[in-house]
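Engineer: Just so you know, the sequence shown maps onto residues 1 to 176 in the numbering used here.
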Amino acid sequence: MDLDPWYSAHVYDQYTECLKVDAIAEIMTMTPYQKQALLGTYGLTPTCRAVVLAVMKGMYNTLGFGAFKRGVNIMDLEQPWLRPEAFRLETGCIIWPTPEYVSMMMPLGAHTARIELLPRGTNYVIPALWNPGHVLLLNAMGMRFTGGGSLRFIYIMLRKEPALRVVQYGVQSWSL
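1) When DSSP labels each residue in this structure, what does Ala113 get in the three-state scheme?
2) Among residues of its own chain, excluding the 5 on either side of Ser8, which ones have a beta-carbon nearer than 6 Å to its beta-carbon?
3) Go through its chain and collect everything with a Cβ distance to Ile156's Cβ below 6 Å, but skip five positions before and after it.
4) Are Asn73 and Ala128 close, meaning C-beta to C-beta below 8 Å?
5) CB-CB under 8 Å to Thr62, same chain, minus the five flanking residues each way: which ones, in chain order?
6) Alpha carbon to alpha carbon, how far is Leu19 from Thr122? Give it in angstroms, no decimals.
7) Would you please state the rounded distance, in angstroms, between the beta carbons of Thr91 and Phe153? I believe it to be under 8 Å.
8) From the DSSP output, which residues share a beta bridge with Ser142?
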């Protein structure tokens with residue numbers, strides 16, 4: 001259902017992986033002033049926008065079908081209603097999506113990150129390793145970064161609604 005916590009990880013295609021390498025290189029070579037002007041205001045650089053566009057177009061069917069199987073219809077997968085943003089999460093900090101949204105996260109780094117997934121409304125903690133080649137999709141879950149330093153990623157909130165299920169009933173013949 002749309003309220004049940006779940007997560008899924010999806011592998012980048014080769015084209016998107018190449019774009020991501022360019023985006024990481026651009027972010028790493030930016031001056032502190034450029035980082036403040038472009039990323040500090042939660043904006044995206046042109047190469048980061050290209051990565052977002054490639055993921056949204058290239059993984060449209062994979063992401064949409066994966067969510068639908070779990071009872072969620074993502075309404076704005078083609079064009080997010082809220083603007084994608086670049087985030088930096090420090091060790092121990094948690095990010096929570098609002099209940100009406102599914103969060104999609106794309107790492108902006110080349111190293112595996114240690115994270116904890118926190119299902120909403122429970123005391124459970126799911127330790128995980130976030131591979132830099134995976135897009136993470138979270139429904140009713142928060143994420144805590146437990147590694148060292150900080151974690152940079154692109155954060156997109158996508159509106160959701162319950163997926164309608166069609167149930168077929170047995171067909172009987174009627175006679176008058």
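For glycine and all other residues, C-beta sits at the position ideal for the given N, C-alpha and C.
Structural biologist: In this structure, then:
1) The residue you call residue 113 lines up with position 113 of the sequence shown. Reduced to three states, the DSSP call for Ala113 is strand.
2) Taking the first residue of the sequence shown as 1, we reach residue 8 at position 8. Correct list, in chain order: Gly66 and Leu137.
3) Along the sequence shown, one-based indexing puts residue 156 at 156. Excluding positions up to five away in sequence, the list reads Pro80, Pro84 and Met104.
4) For the purposes of this step, residue 73 is taken as the residue at position 73 of the sequence shown. For the purposes of this step, residue 128 is taken as the residue at position 128 of the sequence shown. No, Cβ-Cβ distance for Asn73 and Ala128 is not below 8 Å.
5) Your numbering for residue 62 matches position 62 in the sequence shown. The answer, listed in chain order, is His10.
6) Here residue 122 refers to the residue found at position 122 of the sequence shown. Here residue 19 refers to the residue found at position 19 of the sequence shown. Thr122 and Leu19: Cα-Cα distance of roughly 37 Å.
7) Here residue 91 refers to the residue found at position 91 of the sequence shown. Here residue 153 refers to the residue found at position 153 of the sequence shown. 14 Å between Cβ atoms; not a contact.
8) As a position in the sequence shown, residue 142 is number 142, starting the count at 1. Strictly speaking, residue 142 in this sequence is Gly, with Ser absent from that position. DSSP, once it has assigned bridges, lists Leu118 as partnering Gly142.
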